[in-house]
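Enquirer: For the sequence shown, this note's numbering assigns the number 5 to the initial residue and increments by one for each residue that follows.
Ideal Cβ positions, reconstructed from N, Cα and C, are used throughout, including at glycine.
Below is the structure I would like to discuss, written out as structure tokens.
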Amino acid sequence: METSRDPGGASAVGGPGRTAPPLRWSLVLCWLVGLTVLLAVVGVFLGRETRLAPFLVVVPALVAGRGTVRQTAVAAGWTTLVIAAALLDAPRDTVGQAVTTVLFALVFNGLSVVRAGQRVRDESEIARLRSAAAALQRQLLRPFPLVTDHLLVHGLYRPVEEDSRVGGDVYEVVASPYGSRVFIADVQGKGLPAISAAFAVLSAFREAAVSEPTLTGVVDALEEAVLRHNSFAAQVGARERFVTALVLGVTDGEEVQAINCGHVAPLLLCHEGAAQVLRGEPCVPLGLDAMAPEPRTVEWFRFPPGCTLLLCTDGVTEARDPSGGFYPLEQRAANWGDVRAGDVPATVYRDLRLHSAGTPSDDTALLVLRRRQDAGPA
Numbered sequence: 005m006e007t008s009r010d011p012g013g014a015s016a017v018g019g020p021g022r023t024a025p026p027l028r029w030s031l032v033l034c035w036l037v038g039l040t041v042l043l044a045v046v047g048v049f050l051g052r053e054t055r056l057a058p059f060l061v062v063v064p065a066l067v068a069g070r071g072t073v074r075q076t077a078v079a080a081g082w083t084t085l086v087i088a089a090a091l092l093d094a095p096r097d098t099v100g101q102a103v104t105t106v107l108f109a110l111v112f113n114g115l116s117v118v119r120a121g122q123r124v125r126d127e128s129e130i131a132r133l134r135s136a137a138a139a140l141q142r143q144l145l146r147p148f149p150l151v152t153d154h155l156l157v158h159g160l161y162r163p164v165e166e167d168s169r170v171g172g173d174v175y176e177v178v179a180s181p182y183g184s185r186v187f188i189a190d191v192q193g194k195g196l197p198a199i200s201a202a203f204a205v206l207s208a209f210r211e212a213a214v215s216e217p218t219l220t221g222v223v224d225a226l227e228e229a230v231l232r233h234n235s236f237a238a239q240v241g242a243r244e245r246f247v248t249a250l251v252l253g254v255t256d257g258e259e260v261q262a263i264n265c266g267h268v269a270p271l272l273l274c275h276e277g278a279a280q281v282l283r284g285e286p287c288v289p290l291g292l293d294a295m296a297p298e299p300r301t302v303e304w305f306r307f308p309p310g311c312t313l314l315l316c317t318d319g320v321t322e323a324r325d326p327s328g329g330f331y332p333l334e335q336r337a338a339n340w341g342d343v344r345a346g347d348v349p350a351t352v353y354r355d356l357r358l359h360s361a362g363t364p365s366d367d368t369a370l371l372v373l374r375r376r377q378d379a380g381p382a
């Protein structure tokens, strides 16, 4: 389901799993030669009777922590030969000690090679599992662009595939008898449990969006889905989770309905700049309705033709630069009013990577909504 044209492509839906890069051969060789020369020089200054070569036995263990099996084997062979050569002229009364030292080096270096092989296998298995989790997530999220009678929706979804940090960001756009329904959400927490909760609420939205005549009815169905999922999770000893979500209802008129359940507020991009469209306080996240002082309500805002509506998850707004500063989305978006809707996701993602000095550390989900000029059946 990979549809990205480039690392920040407008229709990107994710990428392959990533692992830490292995050591470069030049670095391994520098370690071996440099430490050998260093110990030789120190040995000369401290006297010939001082034998420092056996200390090289720690080098293969260091290489095994990041290097390949071949690099570890080369380091093991090098250090064993250097240790053996350094002990060739040992006095006769210390031959037994020298032989013991060489045997110890052989055993310890062999264990380093075995450890490197085990580490490489473990990393491959972890990479396979987390890539499978992200791939499963991508398969259940439809590729962009998404089209309904009223909307053309571009977007971008980039999961973080490192360790257990794959998040629970989901989105959907559904054509219903009551207009186009738009949904973007972020589940609390990371890993497979968060993905499980995300799938539960996503399935509930796909069903409720076409069956519930009101937007509050859709959100009530999502609330029930989260509560059911939490109930099942509690039975197996898993933690309960809440979900921040934004649900929109778009029809032929310029007015759009919105219920914001603790999610990042949408931005309206026009030629004049960017502006927040929701003025009221967000409602409580899904799963926490029992704690709310009053029921969730619908807020209305204008979404005129020719403007673009930008929705995102907190992976965008909470991305930090090296100094710890958050990404200033509204400030940057003020310059994107004239950018084509299809190019906005790539523009945001490139700017986000520049801000965070590399790949963002959280899932990134963006929806860019544009009213269709040729309104009709999708």
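1. Please list the terminal residues of the continuous beta strand (DSSP E) segment that includes F176.
2. What do you get for E298, buried or exposed, if any count of 16 or more other CB atoms within 10 angstroms of its CB means buried?
3. Given a cut-off of 9 Å on the beta-carbon distance, is the pair L226 and A212 in contact?
4. In the segment 72-131, which residue ranges form an unbroken alpha helix (DSSP H) of at least 4 residues, counting only runs that do not cross its ends?
5. Along the chain, where does the alpha helix (DSSP H) that runs through N234 open and close?
6. Quick check on G319: buried or exposed, where buried means 16 or more other Cβ atoms within 10 Å of its Cβ?
7. Counting beta carbon pairs with one atom in the segment 324-335 and one in the segment 283-301, are three or more of them shorter than 8 Å?
8. May I ask which residues mark the beginning and end of the beta strand (DSSP E) holding Q280?
9. Indicate the three-state DSSP secondary structure (helix, strand or coil) for L292 in the structure shown.
10. Report the three-state DSSP secondary structure of L1 (helix, strand or coil).
11. Can you tell me whether G193 is helix, strand or coil according to DSSP?
12. If distances are taken between C-alpha atoms only, which option among S360, L31, G100, V205 comes closest to L66?
13. With C-beta atoms as the reference, is L4 less than 9 Å away from T83?
14. Assuming V352 and L370 make a contact with CB atoms under 8 Å, what is their CB distance in whole Å?
15. Count the other C-beta atoms from every protein chain shown that fall within 10 angstroms of the C-beta of G221, then say buried if there are 16 or more, exposed otherwise.
16. G257 lies in the alpha helix (DSSP H); which residues open and close that run?
17. Express the C-alpha separation of C316 and P349 in angstroms, rounding to a whole number.
18. So, using beta-carbon positions, are T276 and R306 closer together than 9 Å?
19. Once the 5 residues before and after L36 are set aside, which same chain residues still bring their CB inside 7 Å of it?
20. Is the separation between the beta-carbon of C265 and that of V247 shorter than 9 Å?
21. Cβ atoms of L160 and V177: under 9 Å apart, would you say?
22. Can you name the residues that DSSP bridges to G183?
23. Our contact map puts T152 next to A179 with C-beta atoms below 8 Å; I'd like the distance itself, whole angstroms only.
24. Have a look at V230 and V117 and give me their C-alpha separation to the nearest angstrom.
25. Closest to S215 by CA distance: which of V191, T105, L356, S184 is it?
26. For D173, I'd like the list of residues in its chain whose CB is within less than 6 Å of its CB, leaving aside the five on either flank, ordered along the chain.
27. What does the alpha-carbon distance come out to for the pair T105 and L85?
28. Does DSSP put F2 in a helix, in a strand, or in coil?
29. Roughly how far, in whole angstroms, is the beta-carbon of R123 from the beta-carbon of A68, given that I think they are within contact range, below 8 Å?
30. Please report the distance separating the alpha-carbon of P364 from that of H267.
31. Compare the Cα-Cα distances from A77 to each of W29, L252, F187, T312 and report the closest residue.
Expert: With the structure as the only source:
1. It is Glu, not Phe, that sits at residue 176 in the sequence shown. Annotation for E176: the continuous beta strand (DSSP E) segment containing it runs 172-180.
2. exposed
3. yes
4. 73-90
5. 219-239
6. buried
7. no
8. 277-280
9. coil
10. Residue 1 cannot be examined here, being either before or after the span of the chain that is shown, 5 to 382.
11. coil
12. L31
13. As shown, the chain starts at 5 and ends at 382. That puts residue 4 outside it, with no answer to give.
14. 6 Å
15. exposed
16. It is not in any alpha helix (DSSP H) - G257 carries neither H nor E in the DSSP assignment.
17. 10 Å
18. Per the sequence shown, residue 276 should be read as Glu rather than Thr. Not closer than 9 Å, so no.
19. V63, A79, W82
20. yes
21. Going by C-beta atoms, V177 is not nearer than 9 Å to L160.
22. Bridge partners of G183: S180.
23. Confirmed, about 4 Å.
24. 48 Å
25. The candidate whose alpha carbon is nearest that of S215 is S184.
26. D190, T317, D367, A369
27. 12 Å
28. Because the chain here runs from 5 to 382, residue 2 falls outside it and cannot be looked at.
29. 7 Å
30. Their Cα atoms are separated by approximately 19 Å.
31. W29
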